[in-house]
Each structure stands twice: as structure tokens, then as C-alpha cells.
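Here is the structure we will look at, set down as C-alpha cells.
There are 2 protein chains.
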Amino acid sequence: MELDNVLVLLAVVFVAGRVGAEIAERLRTPEVIGEIVAGVIIGPAVLQLVPAHNEAFEAIAELGVIFLLFSVGLETDLQELRKVGGIATGVAFGGVILPFALGYGLMWMLDYTTNQAIFMGTAMIATSVGVTARVLRDKGKLATREARIILGAAVVDDVIALFMLAIVAGIATGSLSFGGLVFLVVEAIAFFLILGTFGRTVIRKTFPHMRRLRVTEPVLSIAIAIALVLAASAAKIGLAAIVGAFLAGVIVGETPKEEELHARTMPLYAFFVPFFFVHVGTLVDLKAMSGAVVLTAVVTVLAFVGKFVGSGAAALKLGRKGASIVGTGMAPRGEVGIIVASLGLGLGVIGQELYGVVVAMSLITSIIAPPLLAFLYGLPDGPPSAGRTSREGSENAPPDA
Amino acid sequence: MELDNVLVLLAVVFVAGRVGAEIAERLRTPEVIGEIVAGVIIGPAVLQLVPAHNEAFEAIAELGVIFLLFSVGLETDLQELRKVGGIATGVAFGGVILPFALGYGLMWMLDYTTNQAIFMGTAMIATSVGVTARVLRDKGKLATREARIILGAAVVDDVIALFMLAIVAGIATGSLSFGGLVFLVVEAIAFFLILGTFGRTVIRKTFPHMRRLRVTEPVLSIAIAIALVLAASAAKIGLAAIVGAFLAGVIVGETPKEEELHARTMPLYAFFVPFFFVHVGTLVDLKAMSGAVVLTAVVTVLAFVGKFVGSGAAALKLGRKGASIVGTGMAPRGEVGIIVASLGLGLGVIGQELYGVVVAMSLITSIIAPPLLAFLYGLPDGPPSAGRTSREGSENAPPDA
Chain A
128 MELDNVLVLL AVVFVAGRVG AEIAERLRTP EVIGEIVAGV IIGPAVLQLV
178 PAHNEAFEAI AELGVIFLLF SVGLETDLQE LRKVGGIATG VAFGGVILPF
228 ALGYGLMWML DYTTNQAIFM GTAMIATSVG VTARVLRDKG KLATREARII
278 LGAAVVDDVI ALFMLAIVAG IATGSLSFGG LVFLVVEAIA FFLILGTFGR
328 TVIRKTFPHM RRLRVTEPVL SIAIAIALVL AASAAKIGLA AIVGAFLAGV
378 IVGETPKEEE LHARTMPLYA FFVPFFFVHV GTLVDLKAMS GAVVLTAVVT
428 VLAFVGKFVG SGAAALKLGR KGASIVGTGM APRGEVGIIV ASLGLGLGVI
478 GQELYGVVVA MSLITSIIAP PLLAFLYGLP DGPPSAGRTS REGSENAPPD
528 A
Chain B
128 MELDNVLVLL AVVFVAGRVG AEIAERLRTP EVIGEIVAGV IIGPAVLQLV
178 PAHNEAFEAI AELGVIFLLF SVGLETDLQE LRKVGGIATG VAFGGVILPF
228 ALGYGLMWML DYTTNQAIFM GTAMIATSVG VTARVLRDKG KLATREARII
278 LGAAVVDDVI ALFMLAIVAG IATGSLSFGG LVFLVVEAIA FFLILGTFGR
328 TVIRKTFPHM RRLRVTEPVL SIAIAIALVL AASAAKIGLA AIVGAFLAGV
378 IVGETPKEEE LHARTMPLYA FFVPFFFVHV GTLVDLKAMS GAVVLTAVVT
428 VLAFVGKFVG SGAAALKLGR KGASIVGTGM APRGEVGIIV ASLGLGLGVI
478 GQELYGVVVA MSLITSIIAP PLLAFLYGLP DGPPSAGRTS REGSENAPPD
528 A
């Protein structure tokens, strides 16, 4: 019953995604949830209209998250991003150390092997910033300090995750080498350095002259080219493609054409982004998820708490509300968690059961974060309001600073 | 040396396409030629960086030609299209009968089998309107009578090609049935009737209310959904997807939001369309094309003359310049010719040699049409100017009506 024709498949995905988003909006839920649920319904889990693995669908979904982060980058001010650099690094490390410790500790307590414990710890640290970025953008909150901290931390988090994954893969295949790890880190740092100095200067100096090109839509074409090239380069050296796309957006956003570009990338955003979130929905595998309900619940809670507390604690300067937003924003594991799970399954480190647990954890953390973020942003501001109680209800916590 | 990573592949294709277009513009050649040549260079024919067959690349290329024809449809006025209905039908039939006769006759003279002769005749009739539509749009000529006639004729041509291909496939597989052919035609006519009456009314009545949707970018989303659904439906019943996309554009273009939509589809156009033409370039197979140089030359000349004279004669009312534009605009066989060739090869009707000949003919007719169209539009208007001499050079033919 799977759709044989790629075009029919893409039409069904797009329409389902938009219908899901519309229903979500009417239920006062973020659009992204409607799209993920639409993916669950048309995907292998329910109607089986759409396969999770189709090269064309996957490529368009990846372009979706690339245009999402590029567009978020466009709206992110580099100066402001720099100002939160220290706190963002703290948030990233806090959100790595605690989740890793919780994942490792749980597996150790349950008598899994050391390799499996290290793997579960690693699966807990990957943050998928796509979900959070989408909610922040749709709600017009990208200019808030919390948003900038989350975005900056996501970049750092990705470098750490790259490093940890290399270790896990090295242990699993027995090919762990110190030189290889150093090379990875040097490569990642070189990417950032070249981009931040040489690349940035070139783009800033040449971009305003791009109007002289005779090709149709010169400015947009160059912007798309930069986004694709940096995303592909990041992916090529093992970083997430979206980190490259985000940095491309930040740099292009420094040029004087930013306003115009923002309007002109909107249609690309509107077309591509739903594909990404519907695709996340199609990854839901009810069979794999139903295997170990209790373990899934425990891992999911630890995964959420790990980021909420670990990242949130590093952002307590913002007050409890701000720290809660940062902690919640870092919590979704999304497609990154699922990629890690697939890698572990492929390497033979974990079996079907733990695979299902990690996939379920990745999806559940992605689905609960958006409504929680919407709720947290709705809380009253003011002097550090009750961070922990913000998860409990509508209570207006008294200032306690 | 082929690029393993889809994202890297897409980045290379996009950048190569834009660079090719820019160079073409500077050489005062239509952008589309630069993109096709870029495809030849990065494709299997030369650098072998990019494979011709990659599901993601092909899907994005197909979305490219869909957005191209949708966008052309948006700019096409239905009333004006109707006014040229009769002449467009004549142009389509003229451009089917003569090329078929020439292709069939040549094969018959060269002692090929009857099946091969019928196949070659069929391969000569398919028009790829993408190339012409792109040139007309880039040059701002979509509102001319010639453009409307070409677009209308392309729709009729596609229905005839569908019918002929079914006959060829039926003969080749020994499953030709009168009932099957009737069903095909009934299906195609039903598609047009339902779209032209019920579908059109629904879209016209509901479209203005779409603003009430709460989803982001409601108008563009609905427009994209209509384009994808109609393109997929057309493809599903055996018509070209671009016929569905074109009609979607024409119908949506009747709604009051046309102006806004035109601006908002431009970024999608700028992103997707280059992929289509670069993809056409990657289909060039120098090995297959070098097999029978003389036969290729003869077939290509007959293919061009067949459309130029056959379609042009039916448009002589427009004067010689107009008729030449229509005849030239109908000449490119592009990806449609290549699809027909692949089908013939797959069915075993033709061997590698004739396959190479048809592919080469398809590409050469596509590459010579754009500069010729640009040249023809540059000729002085006025009373029927010299249609035939327009192919010879810069001579300003004297009015001879």
C-alpha cells in the first residue's frame, strides 16, 4: 500500500503536514506537533502510506531542517550570540555531563555492558535543535536571550556529540585511536575558525556586490549556495549539516541584504520545513517502541531531567523562567537521537530493545518540548520567577531573588 | 569519484547550475543553456562528479519543472488561452503528424522493423515544453500570443503522446487493446473536464477564504498543495506531471491572489528550476551519442524541421515570425524524448544505437531552441516577416504580405 510514485508521496506528505499544522494551530499547539503527528499517521506506524526511508523524501526533509536553521541563523545577531558565548558553552557542557551520567548510571545499575552504558550515555547527550528552533521562530522569540543561548549551546553540543560518537564507534569497532579523535576535533575547530575569520570576511565584503550578477535572483541564489555549501561541508567533516546551515545564516545575516533575504527565504521555509517534521513522525516505530515500556519511561524522564537540570542550571543567571526555557529547549533529541540509535544498532552495540527505547525517548522529548516551551513563554516575567513550579501549572510564583 | 553524500551532490549541482547560468547571461545566451552545459560538465559525460540517476536529485529536478510550469501557468490568462484553443490544437496536431511521418519514413527507408519505425515516429512527437517555457518566462514573453499557443499546444501534444506511447508499448508487449486505449483517453479527458469545471469552481470559490487558515503562509501553502496534487494526479493517469502543474497554475492564477503568489513562488522557482536543467545536462551520454553520427544528424534535422514546419504551418496566421517562434518553441524534446528512449530500450523495441540517437536528438533540439527563440524574438515585428530566412542570419527581411 506504500506509494510507489515519488511525486504522489511528496504531495501526500506536504498536504498531510499542512493539515496537521492547521489542526495543531486550532488546538493552540505549536504547528510542529501537528506535523510530527501527521507523519506518525501517514507513516509506517499507522496508515503505512509513506515509508520512512525514501531517498527523495529524506533529502527534502534534510533540506527542510537546513533551510529552517539557515533562516534562524539569518535572524540571529552575531554580536548578541557572542555575548552569550560563555553561558551557552556552560549550558552545552551541563547538558552533556548530567544526561551522560544518568544514562551511563542507569545502564550500569541494570547490569548492561560497559559499552552499552557508554552508548546510552552518548545517546542522551545529542540535542536536536530543529524542534526548538522552529517553536522559537514561529512564536517570534528568536531575539530573546534564551533563544540565543540555546542556539549557541546547540553548536557546542554538536561538537561534543561528534567527539563522543567517534569514541563510541571506536570502542565498538575496536579502532579507537587518540590520533583519530584529535584529528576530528582539529577538523571541527578549523571549520569554525576558517568560517569565522576568512569565510566571514569574504562573504561580508563580496555579498553587497552580488547584485551585479546577471543571473535571475542573484542575492537569493548566493545565499542558498552559501547555505548548501556550508551545510554540506559541515556534514562532510562529521558535524551536523544544520550547524553549517545555521552558521551560514548568521554570517549572511550580517550583510546589508538581510531584510530582503528574510522575506525571500520564507517561501522556501514554507515548502521545505514541513517535510522535515513529517519525516520525524514517520520514524515512529510502534513495534520497536512497545518493547520495554517501563525502561522507555525511565530513560525518557532521565533524558528530559538531564537536560532540564544540567543545561538549566548553567543558565540560572537568567532567572528560573529563563533557565527553564533553556533547559526545555535543549531537551528534544529528535532525529539526532534516532540517528545515534541507528548507528548503535548498526555497530552491534545495542539490540532491538535498546534501539526502540532510544527512538521512543528521542520522539517523546521532541513532542513534549514544544507545548512546554509555549507554556513557559506564557508565564509572567519579572524577577527570577519559579523555575521548577513553572512545570506544575498556572501558579504565579512570587519573586524570590 | 561520484559524490556519495546527497547534500554535497545537491550543493554541487546548485552552484554549478548558477555559475553556468551566469556565464550564459554574460555570453548573451539564455540561462537555461548554461545550466544544461553545467550538467553536461559535472555529469557522467565529463567530470563524473554527479550521477544522472539519483533518486533525490531526480525528485528535486522534477519538482523544478513542476514549479516552472506552475509559475508559467500563474502568468497565463485562461481567457487568452481559450482564445487560441483552436490554433493551439492545430499546432499540436501539425507537430505530431509531420514528425511522426518523418521518423517513421526514415526508419522504413533504412530497413528498420515496423515496430522500430513506429517507435521512432513516436519519439519524434513528444515536446518538452520546459525549455521553451523557461526562455519565454525569462524573456518576459509569456503574455505574447505565440507563448499561449505553444503552452496550449503542449497540453494537447501531451495527450496525443500519451496515446501514442500506449500504442507503442502495447505493440511491443503484444498487449495492445482497443479497450485499454479508450480507457486512457477517457481518463485524460475526465481529468481535464473535472479540473475545468468542478475543480476550477472549488478553487476559485475557496481560495480567497484561505487567509483564514492559521497555519504559516496559508496562501502559498494551498497553492503548493494544489500544484503538487494536480501534478501527481496527472502523472498517476499517465499524463506528464507538468501538464497538471501548468493547469494548476492557470486555475490558481484566476484567483485574486495571483499577484502576491507570483512574487512568493519566485524563490521556489529560483531554487528548484536550475536542478531540472542541470539534470537534463547530466543525461548526456557521450558514448551512446557517438555511435551513429550521421543517423543522429539526420534524425535531429528531421525532428527540428518536423516541428518547425508541422507546428509552424498551423500557426501561419501569426505571420512568418510568429509561426517561426511557435515552430521553434515546439521543437525541444528534452527529458520527454529521453524518457521515451528509455522506455523503448526497456521494452526491447530499440537497441543501444537508436537509444543514443533519440537521446542525442532530444538534447540537441533542446539546446538549439533557446538561442533561436531569443534571436526570433529580436527580429522586427510588422507584417509577416521572413519566417524561413530568420534561421539564416541577421537579414532584415522586407515585408512581403
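Protein chains in written order, with our numbering: chain A, 128 to 528; chain B, 128 to 528. Just so you know, even glycine gets a beta-carbon here, dropped at the ideal spot from N, CA and C. None of the values given here were measured: they were computed from a predicted structure.
Does any CB atom of chain A fall closer than 7 Å to the CB of PRO335 (chain B)? With 7 Å as the cut-off, PRO335 (chain B) does not count as an interface residue toward chain A.
Are the C-beta atoms of LEU500 (chain A) and some chain B residue less than 7 Å apart? Not one chain B Cβ lies under 7 Å of LEU500 (chain A).
Between LEU388 (chain B) and chain A, is there a C-beta pair that is closer than 7 Å? False, the Cβ-Cβ gap to chain A never drops below 7 Å.
By the three-class DSSP mapping on this structure, what secondary structure does ASN523 (chain B) have? The pLDDT assigned to ASN523 (chain B) is 43, lower than 50, so where the model puts this residue is not dependable; a value taken from the coordinates is nonetheless given after this. DSSP places ASN523 (chain B) in the coil class of the three-state scheme, outside both helix and strand.
Which of the residues in the region 358-384 of chain A, read from start to end, lie with their CB under 8 Å from any CB of chain B? Of all residues in the region 358-384 of chain A, those with a C-beta nearer than 8 Å to a C-beta of chain B are ALA358, ALA359, ALA362, LYS363 and ALA368, reading in chain order.
Is it buried or exposed, ARG338 (chain B), if we count other Cβ atoms within 10 angstroms and call 16 or more buried? Exposed, because fewer than 16 other Cβ atoms sit within 10 Å of the Cβ of ARG338 (chain B).
Taking Cβ-Cβ distances shorter than 8 Å, what residues in chain D pair up with THR392 (chain B)? Note that chain D does not occur in the displayed structure, where the protein chains are A and B.
Taking all protein chains shown into account, decide if SER198 (chain A) is buried (16 or more other Cβ within 10 angstroms of its Cβ) or exposed. Counting Cβ neighbours within 10 Å, SER198 (chain A) comes out buried, since at least 16 surround it.
Any contact between the region 419-433 of chain A and the region 422-429 of chain B? By contact I mean 3 or more CB pairs, one from each, below 8 Å. No, the region 419-433 of chain A does not touch the region 422-429 of chain B.
Counting only Cβ-Cβ distances shorter than 7 Å, please list the residues of the region 320-354 of chain A near chain B, keeping chain order. Residues of the region 320-354 of chain A with a C-beta atom less than 7 Å from some C-beta of chain B are LEU340, ARG341, VAL342, THR343, GLU344, LEU347, SER348, ILE351 and ALA352, listed in chain order.
Using a C-beta cutoff of 7 Å, does GLU162 (chain A) count as contacting chain B? For GLU162 (chain A), the answer is no, since every Cβ of chain B falls outside 7 Å of its Cβ.
Between B:GLY170, B:GLY166, B:ALA361 and B:ILE294, which lies nearest to GLY306 (chain B) when the distance is taken from Cα to Cα? Nearest C-alpha to GLY306 (chain B) among B:GLY170, B:GLY166, B:ALA361 and B:ILE294: B:ILE294.
Ignore the nearest five residues each way along the sequence and tell me which others in ILE287 (chain B)'s own chain have a CB closer than 8 Å to its CB. Around ILE287 (chain B): ALA219, PHE220, VAL223 and ILE252.
Scan the region 130-149 of chain B for residues whose Cβ lies nearer than 7 Å to a Cβ of chain A and list them as they occur along the chain. Legend: CB atoms of the region 130-149 of chain B lying less than 7 Å from CB atoms of chain A belong to residues ASN132, VAL133, LEU134, VAL135, LEU137, ALA138, PHE141, VAL142, ARG145, ALA148 and GLU149.
Can you pull the chain A residues whose beta carbon is under 9 Å from the beta carbon of ALA179 (chain B), in chain order? Ordered by position in chain A, no residue passes the 9 Å Cβ test against ALA179 (chain B), which lies about 15 Å from the chain.
When Cβ atoms are compared, which residues of the region 265-278 of chain B fall closer than 9 Å to chain A? Within the region 265-278 of chain B, the qualifying residues are ASP265.
Alpha-carbon spacing of GLN479 (chain B) relative to LEU472 (chain B), whole angstroms: Cα to Cα, GLN479 (chain B) sits roughly 7 Å from LEU472 (chain B).
When you compare only the Cα positions, how much space is there between GLY514 (chain A) and LYS448 (chain A)? For GLY514 (chain A), the pLDDT reaches just 42, beneath the cut-off of 50, and the residue's location in the model is therefore unreliable, leaving the point undetermined.
I want to see whether chain B comes within less than 7 Å of VAL484 (chain A), judged by CB atoms only; does it? No, VAL484 (chain A) does not count as interfacial toward chain B.
Provide the residue span of the alpha helix (DSSP H) that contains TYR482 (chain A), from first to last. For TYR482 (chain A), the enclosing alpha helix (DSSP H) begins and ends at 479-505.
So which residues of chain A does GLU207 (chain B) contact, with C-beta pairs closer than 7 Å? The contacting residues do not exist; GLU207 (chain B) stays about 24 Å from chain A at best.
CB VAL377 (chain B) to CB GLY144 (chain B), shorter than 7 Å? At a Cβ-Cβ threshold of 7 Å, VAL377 (chain B) and GLY144 (chain B) do not count as neighbours.
Whole angstroms is fine: what's the gap from ALA151 (chain A)'s alpha carbon to GLU158 (chain A)'s? About 5 Å.
From MET234 (chain B) to THR241 (chain B), what distance separates their C-alpha atoms? For MET234 (chain B) and THR241 (chain B), the distance between alpha carbons rounds to 8 Å.
Counting only the same chain and skipping the five closest in sequence on each side, list residues whose C-beta sits under 7 Å from that of ILE465 (chain A). Only LEU410, VAL486 and SER489 meet the Cβ criterion.
From A:VAL146, A:VAL379, A:VAL309 and A:LEU134, pick the residue whose C-alpha is nearest to that of THR328 (chain A); which is it? Nearest to THR328 (chain A) by C-alpha distance, out of A:VAL146, A:VAL379, A:VAL309 and A:LEU134, is A:VAL379.
Between the region 312-320 of chain A and the region 359-377 of chain A, can you find at least three pairs of beta-carbon atoms closer than 8 Å? Judged by pairs of C-beta atoms under 8 Å, the region 359-377 of chain A touches the region 312-320 of chain A, as three or more such pairs exist.
Apart from the five residues on each side of it in sequence, which residues of its chain come closer than 8 Å, Cβ to Cβ, to ILE297 (chain A)? Note that residue 297 (chain A) is Gly in the sequence shown here, rather than Ile. Residues of the same chain with a CB within less than 8 Å of the CB of GLY297 (chain A), apart from the 5 flanking positions on each side, are LEU303, SER304, GLY307 and LEU308 in chain order.
Do VAL133 (chain A) and ALA183 (chain A) have their beta-carbon atoms positioned less than 7 Å apart in this structure? The answer is yes: Cβ separation under 7 Å.
At a Cβ threshold of 7 Å, is MET128 (chain B) touching chain A? In this prediction, MET128 (chain B) has a pLDDT of 39, which is less than 50 and means its spatial position is unreliable; what the coordinates show is noted afterwards. Cβ-Cβ to chain A under 7 Å: no for MET128 (chain B).
Any chain A beta carbon closer than 7 Å to ALA317 (chain B): It does not; no Cβ of chain A falls within 7 Å.
Taking 7 Å as the CB-CB limit, is ARG228 (chain A) close to chain B? Residue identity check: residue 228 (chain A) is Ala in the sequence provided, not Arg. ALA228 (chain A) does not count as touching chain B.
At least one CB of chain A closer than 7 Å to the CB of PHE402 (chain B): is that the case? No, because no Cβ of chain A sits closer than 7 Å to the Cβ of PHE402 (chain B).
Cβ neighbour criterion (16 or more within 10 Å) applied to LEU136 (chain A): Flag for LEU136 (chain A) reads buried.
Can you tell which of A:ILE193, A:SER438, A:ALA450 and A:ARG341 has the C-alpha that lies nearest to the C-alpha of VAL258 (chain A)? Relative to the Cα of VAL258 (chain A), the nearest Cα in the group A:ILE193, A:SER438, A:ALA450 and A:ARG341 belongs to A:ILE193.
Alpha-carbon spacing of ALA138 (chain A) relative to LEU357 (chain B), whole angstroms: In a straight line, the C-alpha of ALA138 (chain A) is about 9 Å away from that of LEU357 (chain B).
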